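Remarks on the structure that follows.
Residue numbers (this note's numbering): 114 to 318.
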């Protein structure tokens with residue numbers, strides 16, 4: 114059986130309060146189906162060469178913080194990029210890493226269902242970057258299909274429950290308003306989402 118590989122762009126260690134519970138290490142990977150207008154990683158994803166690593170190779174690098182993970186209830190967060198493009202790798206990593214590590218994944222859910230499904234049993238917390246529930250605004254900002262994201266979110270709720278999903282809803286200058294953001298939050302709550310993070314993008318000149 115061929116080992117799945119992860120296109121590693123970099124690691125960010127000893128993070129707190131931004132990527133799940135406790136102390137976390139953010140594992141950034143290449144690849145994304147969206148083209149968000151203000152993507153903070155666009156240049157990194159386009160220009161930086163990724164390093165293909167196996168799950169064991171990644172585990173060897175991140176286990177340096179095992180004590181912090183265990184003491185704080187933290188673990189590893191996969192981001193990028195779109196983590197669900199690498200769901201088989203996440204599943205393999207879950208099989209190898211200590212069972213008390215928390216595995217989180219940042220995702221736009223803008224992927225085919227068969228790519229998302231393998232992650233269900235591997236990920237403790239899905240951090241969903243919703244962008245917008247208004248289809249027109251979503252398309253204009255991301256260039257993607259809002260129906261896919263929303264359908265996947267409904268499906269994910271049935272698979273893992275609301276307690277394992279955190280949805281982030283940004284207010285994006287020039288694209289949506291505070292009222293749009295609140296409307297998105299209302300629609301998400303109506304779907305059954307209980308953990309929401311509403312925040313503002315800061316436009317840098």
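Each residue gets a CB set at the ideal place from its N, CA and C atoms; glycine is no exception.
Owing to the predicted nature of the structure, the values given are computational and were not obtained by experimental measurement.
Check, Outcome
"C-beta atoms of residue 190 and residue 139 nearer than 8 angstroms", "yes"
"Residue burial classification, residue 315 (beta-carbon count within 10 angstroms, cutoff 16)", "exposed"
"Classification of residue 126 by the beta-carbon crowding that lies within 10 angstroms, buried from 16 upward", "exposed"
"Runs of alpha helix (DSSP H) lying entirely within the segment 212 to 242, each at least 4 residues, in chain order", "226 to 229"
"Residue 283 (DSSP reduced to helix, strand or coil)", "strand"
"Outcome for residue 289 when other beta-carbon atoms lying within 10 angstroms are tallied against a minimum of 16", "buried"
"Assigned secondary structure, residue 147 (DSSP; H/G/I helix, E/B strand, else coil)", "coil"
"Residue 150 classed as buried or exposed, judged by whether at least 16 other C-beta atoms fall within 10 angstroms", "exposed"
"Sequence-distant residues of the same chain with beta carbon closer than 6 angstroms to residue 148, five excluded per side", "256"
"Cβ-based burial, residue 202 [other Cβ within 10 Å; buried from 16]", "buried"
"Contacts around residue 309, its chain only, beta-carbon distance under 7 angstroms, and the 5 residues preceding and following it disregarded", "280, 282, 298, 301"
"Cβ contact (3+ pairs, closer than 8 angstroms) linking the segment 166 to 181 and the segment 116 to 126", "yes"
"CB-CB length for residue 198 against residue 144, believed under 8 angstroms", "5 angstroms"
"Residue 164 - DSSP class collapsed to helix/strand/coil", "strand"
"Burial state of residue 137, where buried means 16 or more other Cβ atoms lie within 10 Å", "buried"
"The segment 242 to 259 contacting the segment 209 to 217, beta-carbon criterion three pairs below 8 angstroms", "no"
"Three-state secondary structure assigned by DSSP to residue 120", "strand"
"Range of the contiguous alpha helix (DSSP H) that encloses residue 273", "259 to 273"
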